[in-house]
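Structure record follows, encoded as structure tokens.
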Amino acid sequence: MSTSTLIQQVTLVNEGQIQVTDILIVGERIREIGSIPAQDEFVVIDGKGKYLLPGVIDGQVHFREPGLTHKADLHSESKAAVAGGVTSFIDMPNTRPNTLNLEFLAEKYQIASQKSLANYGFLLGINGENLDEVLQWDTSGLLAITDDGLYFSGKGNILADRPDMLEKIFSTYKGLIAIHSEKEEIIEKNEEIYREQYGEDVPVKFHPLIRSEQACFEATERAISLAEKHGARLHILHLSTAKETALFRNDIPLSEKKITTEVSVHHLWFTDRDYEKKGTLIKWNPAIKTQQDAEGLLAALLDDRIDLITTDHAPHALEEKLKPYFQSMSGAPLVQHSLVCLLEFFHQGKISLEKITEKMCHNPAILYRIKERGFVREGYFADLVLVDLNHPWTVSKENILYKCGWSPLEGTTFHSQVTHTWVNGQLVFEKGTFHEGAKGKALEVWDLKN
Ligand SMILES: [Zn+2]
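Residue numbers for the sequence shown follow the working numbering, so the first one is 39 and each next one is one higher.
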């Protein structure tokens, strides 16, 4: 017999509305939303004074399994995810081996089914070697294809740097193509300038001048114009500059857009002023840029030129980060802290709870056509997160759940705390404890006509 859970008198944030209501979960799904009398067999959760959101869907993470499990794995990082209110994630293909064929892709789904507490989806990687093959395969059931974290055979060549390849994909591939967008030739020139001056140990504050605004803007502008020429479905991953936001539109709903984009939490949270204190711990690609960029990205998120928020959660061992500039790995872990970061912006009056829910829960489901998730709706999977907006806590080594054991947010105090997380109707996280029996499920996609 399946468990029934009644969440009583909770403030539900969903589909642009905030209302106090009861929610009944039966088995894996939401049975009813409304005024619901308690029954003896119900597990009752008192939601008074707390906020219930659809579970966060993180559209871009690197959970490092298989092959790089000294940094992270699907069990450790999915635990961190559910503790942060993230009930589903989409993982990138730069694991070892790179996820460049359907067999390796199936293997990742298989590992996740054994180990992940959250629901999972994996993207198929494209690079210079498998492109022709990918274009022949039936990929209609996949979430998307991407080059994120992968490189073409030459030195540091990313897809956005190869107009010939882009033309080929955009003219042939019918599904969603997600790309990392920076022009490598500009970056390489900039690297040489700073290398001449500082050798291998370039101060990290120059990172946003090396991986510059120009490198981002020119790549994004070109990718969009090529995609438009062919009517392709293009998603630009982790936008990092205010200038690029002008390239995206907000006059049509997300479901009708062919060109979409996202912002990652760190590009909203940090600015170039933080390099002095945090050093290579906040070295990301694309780089953290200026205060104006962070403000411009937030403005574009609020007016819907930017469609969703991701983390690009990319853990490395601390010793891989604490190296001179050129050797320090790019990326940092964030999946446990993304929702509380955005709730902190809410406390600061920068964003509403409805907008957070739209950009972190609803829109990833719309953009990746994820079936029956991302919304609190009767009949949908019960992926839910309960938050206490007035429960301050501070990020420290003791409460970090990432396998790598560190966070660029150590020492930060958040006013909000995730108290309960349900995945497929199962209470997997409750006030610091995990119920690990149930595992997450593979994300499924709606047929294209839906
Ligand atoms: Zn990434």
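Idealized CB from N, CA, C, for every residue including glycine.
Using a threshold of 7 Å, state whether the C-beta atoms of residue i and residue j are closer than that.
i    : j    : result
L264 : T299 : no
H354 : K146 : no
D421 : T125 : yes
L89  : V120 : Leu is not the amino acid found at residue 89; the sequence shown has Tyr there. It is not a contact, given that the beta carbons lie outside the stated cut-off.
I347 : K295 : no
M130 : D186 : yes
L112 : E103 : yes
N132 : L214 : no
S368 : K359 : no
N462 : K479 : yes
K469 : T457 : yes
V301 : L339 : yes
L219 : A253 : A small correction: the amino acid at residue 219 is Ser; Leu does not occupy that position in the sequence shown. The answer is no: Cβ separation not under 7 Å.
I262 : L247 : no
L180 : L204 : no
T432 : T451 : yes
H268 : S209 : yes
T349 : D96  : yes
V423 : G123 : yes
W322 : C379 : no
E251 : K281 : yes
Let me know the secondary structure DSSP gives residue i once reduced to three states.
i    : result
S191 : Bear in mind that the predicted position of S191 carries a pLDDT of just 46, short of 50, making it too unreliable to give a figure here.
G72  : strand
L427 : coil
A480 : strand
T395 : helix
R271 : strand
W307 : helix
Y158 : strand
S42  : strand
H400 : helix
A216 : strand
Q386 : coil
I196 : coil
I438 : coil
I225 : helix
S302 : strand
F419 : strand
K321 : coil
V31  : Residue 31 lies beyond the residue range present for the chain, which begins at 39 and ends at 488; the question has no answer from this structure.
A284 : coil
E259 : helix
L277 : coil
H245 : helix
Considering only the alpha carbon of each residue, which of the options lies closest to residue i?
i    : options                : result
R249 : A325, F308, S114, R260 : A325
I183 : S209, Q152, I217, T395 : I217
S73  : V48, A156, K321        : V48
H351 : S366, Y363, P371, L340 : P371
R134 : T107, L439, E226       : T107
H304 : L335, P362, K296       : L335
D310 : E167, L112, Y363, K243 : K243
F364 : T318, L306, L424, G187 : T318
V373 : P446, Q235, A337, Q152 : P446
A76  : V99, G54, F101, Q46    : Q46
L155 : E256, E392, F127       : F127
N428 : H385, N437, A338       : H385
V414 : R69, T41, V433         : R69
I207 : T279, S40, A270        : A270
G54  : T328, Y211, I394       : I394
G93  : I344, G166, H400, L292 : H400
G105 : A337, T137, D312       : T137
I274 : L405, A150, D312       : L405
Q152 : E474, V483, Y418       : E474
I56  : S390, N437, E448       : S390
Within the 7 Å Cβ cut-off, does residue i reach chain D?
i    : result
H113 : Judged by its chain identifiers, the structure shown contains no chain D, having just a single protein chain.
Determine which residues share a DSSP beta bridge with residue i and list them.
i    : result
I297 : L272
L173 : Bridge partners of L173: none, in fact.
G163 : T184
H458 : L424, E468
A489 : Since the first residue of the chain shown is 39 and the last is 488, residue 489 is not available in this structure.
V24  : Within the shown structure, residues of the chain are numbered from 39 to 488, placing residue 24 beyond reach of any answer.
S376 : Paired residues: none, contrary to the question.
T432 : T451
I408 : V483
Taking 6 Å as the cut-off, is the CB of residue i close to at least one heavy atom of ligand 3?
i    : result
M367 : Of the ligands one can find in the structure shown, namely ligand 1, none is ligand 3.
Length at least 3, wholly inside the region 56 to 142: the beta strand (DSSP E) runs in chain order: 67 to 72, 81 to 84, 89 to 92, 94 to 99, 124 to 129
Every unbroken beta strand (DSSP E) within the region 330 to 372, with a cutoff of 3 residues, ordered by chain: 346 to 348
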